[in-house]
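Here is the structure we will look at, set down as structure tokens.
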Amino acid sequence: DELMDETLFVSVVFVLAKVFDRFVMDAFILVTLLLSNVFVLAKLFDRFVMDAFILVTLLLSNVFVLAKLFDRFVMDAFILVTLLLSNVFVLAKLFDRFVMDELMDETLLVSNVFVLAKLFDRFVMDELMDETLLVSVVFVLAKLFDRFVMDELMDETLLVSNVFVLAKLLDKLLIDAFILVTLLLSIVFVLAKLFDRFVMDELMDETLLVSNVFVLAKLFDRFVMDELMDETLLVSNVFVLAKLFDRFVMDELMDETLLVSVVFVLAKLFDRFVMDELMDETLLVSNVFVLAKLFDRFVMETLMDETFV
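Residue 2 is where the sequence shown starts when you use my numbering, and the numbers rise one by one after that.
In structure tokens:
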């Protein structure tokens, strides 16, 4: 009886342990496995979503860096070229103001001198030549009367008149041509001046406007794009720090959680194959003792009563 009571006590302990194992340990293992699955899903989310987002963020930051480099080396060069071109136009404008204007004024002055000379020729030299021809006519008439005395004087007068005629022809052919060339040159300078006033001024204004647009774009880049790039790099740095935290802290925690779940699984397997076998054998022994006790109660006592009778 003592042996059977102890066996039954042990079997009750095993049954209670089995119930505890079924409802408490299984629940704890399920919770642990669920937690490990949560960590695995979080890890997968980190691998495929966070990594992709970090790559996109880093790509965006690289795009901003490339845009910044493009701005530094290309846009700055273009702005410098544009400003240089505007400076060239300004220098050309200054050259036009102080050199070309001066040259045109001098050319017009020379043409005015030639015009004045032409007017002098028309009113003075022509009058002088007419008077000379009149004198020559007088001398010719006098020559008709004075064949021997006035011949010498008339020859000299005709020589002078011929000189004036040649000078007149020279004036007609050379001086008029030179005046025409001078007037043509002055017209060219006037046309160049008009071209400078209406075309070069407009072009210089548009060039300065373009340079101002580039300067405004440069200011926008300095204060807006730089700020945006700094914030983007800050976000990417936050993601990198989160990634490092995930690599060194969350991985370690997930490894420990998985280790605990493996320990619980091994304990569960030990419970399934070793403790169940031991409990089955214990229950078998207790059943043998119970059957023996029942046999003792109903068979042996009846046999003993009959034996006593």
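Cβ atoms here follow ideal geometry from the backbone N, Cα and C, with glycine treated the same way.
As the structure is a computational prediction, the values presented were derived from the model and not from experiment.
- V125 and I176 have their C-alpha atoms some 16 Å from each other.
- C-alpha of R248 to C-alpha of F65: approximately 27 Å in a straight line.
- In the structure shown, V310 falls within a coil segment according to DSSP collapsed to helix, strand and coil.
- In the DSSP annotation of this structure, the continuous segment of the alpha helix (DSSP H) that includes I55 starts and ends at D52 to F71.
- The shortest C-alpha to C-alpha distance from L86 to any of V266, V211, M105 and D256 is the one to V211.
- In the three-state DSSP reduction, D2 falls in the coil class, being neither helix nor strand.
- Of the candidates V239, D297 and D277, the residue whose Cα lies closest to the Cα of T58 is V239.
- Under the DSSP assignment, K44 falls in the alpha helix (DSSP H) whose first and last residues are D27 to F46.
- Separation of R298 and N288 (C-alpha to C-alpha, rounded to the nearest whole angstrom) is 15 Å.
- Close CB contacts of V116 within its chain, under the 8 Å cut and outside five residues either way in sequence, are with I180 (chain order).
- Taking the Cα positions, D202 is about 36 Å away from D227.
- As the crow flies, the alpha-carbon of N213 is around 53 Å from that of A118.
- Between M251 and K19 a beta carbon distance of about 37 Å is seen, past the 8 Å cut, so the two are scored as non-contacting.
- According to the DSSP assignment, I80 belongs to the alpha helix (DSSP H) that extends over D77 to F96.
- Taking 8 Å as the cut-off, the beta carbon of L109 is found closer than this to the beta carbon of S187.
- The beta carbons of S62 and L195 sit no closer together than 8 Å.
- Here the alpha carbon of M255 sits roughly 7 Å from the alpha carbon of S37.
- Contact between T8 and V266 is absent: CB atoms are separated by about 31 Å, not below the 8 Å threshold.
- Around the CB of F54, fewer than 16 other CB atoms lie within 10 Å, so the residue is classed as exposed.
- If you look at I180, you'll find it in the alpha helix (DSSP H) that goes D177 to F196.
- Remark: fewer than three beta-carbon pairs, one from each stretch, lie closer than 8 Å, so the segment 33-50 and the segment 268-282 are not flagged as touching.
- Distance between D197 and L84, taken at the CA atoms: about 20 Å.
- Straight-line spacing of the CA atoms in V138 and V191 works out to 48 Å.
- Taking 8 Å as the cut-off, the beta carbon of D222 is found closer than this to the beta carbon of D72.
- By alpha-carbon distance to D47, the top candidate from K173, V241 and L170 is V241.
- T133 places its beta carbon 8 Å or farther from that of S112.
- In this structure, the CA atom of L245 is about 35 Å from the CA atom of D27.
- By the neighbour-count criterion, in which a residue is buried when 16 or more other Cβ atoms sit within 10 angstroms of its Cβ, T158 is buried.
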